[in-house]
Amino acid sequence: MLKEFKDFIMTGNVIDFAVAVIMAGALGAVINGFVSKIAMPLIGLVTGGKSFSDMFWTPGDEVYATVAAAKEAGVAAVEYGAWIDTIVSLLVVGLVMFMLVKAYNKTKKPVEEAAPAGPSELDILMEIRDSLKK
5 MLKEFKDFIM TGNVIDFAVA VIMAGALGAV INGFVSKIAM PLIGLVTGGK
55 SFSDMFWTPG DEVYATVAAA KEAGVAAVEY GAWIDTIVSL LVVGLVMFML
105 VKAYNKTKKP VEEAAPAGPS ELDILMEIRD SLKK
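Residue numbers 5 to 138, in this note's numbering, belong to the letters of the sequence shown in order.
This is how it looks when you write it as structure tokens:
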């Protein structure tokens with residue numbers, strides 16, 4: 005039973021899946037770092053110099069300078085800037101994954117069609133028999 009389990013674990017598909025999960029985690033971390041540290045500050049410059057991570061809304065009339073100040077005062081803060089950052093990250097991850105899958109599919113060989121099956125030996129013998137009967 006242990007040998008069968010080992011054979012199952014060591015099949016190519018399971019190992020490929022494990023590698024894909026590890027690579028996806030690493031790729032996600034790299035892309036999130038790119039979005040939060042490079043892309044979003046550049047987008048912030050284009051939109052007036054304000055960082056998206058600083059954008060939030062609090063209920064009521066009182067204005068808070070930062071999200072931390074609002075939370076310290078015990079006020080609920082809706083951090084829509086962080087949500088925009090997450091959406092941009094999702095779009096970048098989707099684009100990168102699309103490009104990776106597209107490139108991978110180009111490396112795969114096209115599946116050859118099976119040669120058409122000819123008549124079997126029995127079919128040929130029956131055809132000979134029938135032609136001899138005539």
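We treat Cβ as the ideally placed atom computed from N, Cα and C, and that holds for glycine.
All figures in this text were calculated on a predicted structure; none of them were measured in a lab.
Discussion item. If contacts are defined as beta-carbon pairs under 8 Å, then Phe41 and Gly48 qualify, I think. What distance do you get, rounded to the angstrom?
Written reply: Taking the first residue of the sequence shown as 1, we reach residue 41 at position 37. Taking the first residue of the sequence shown as 1, we reach residue 48 at position 44. It is Lys, not Phe, that sits at residue 41 in the sequence shown. At roughly 12 Å, the Cβ-Cβ gap does not stay under 8 Å, so Lys41 and Gly48 are not in contact.
Worksheet item: Count the other CB atoms within 10 Å of the CB of Phe56; is the residue buried (16 or more) or exposed (fewer)?
Response: As a position in the sequence shown, residue 56 is number 52, starting the count at 1. With 16 or more other Cβ atoms within 10 Å, it is buried.
Fill in: Contained alpha helix (DSSP H) runs [length at least 4] in the segment 27-105, N- to C-terminal order
44-50, 71-76
Worksheet item: Quick one, are the C-beta atoms of Val71 and Phe60 less than 8 Å apart?
Response: Taking the first residue of the sequence shown as position 1, residue 71 is located at position 67. Taking the first residue of the sequence shown as position 1, residue 60 is located at position 56. Cβ distance < 8 Å, so Val71 and Phe60 count as in contact.
Worksheet entry | Proximity to Gly78 [Cα-Cα], best of Ser124, Tyr68, Ala43, Ala107 | If you number the sequence shown from 1, residue 78 lands on position 74. Closest by alpha carbon: Tyr68.
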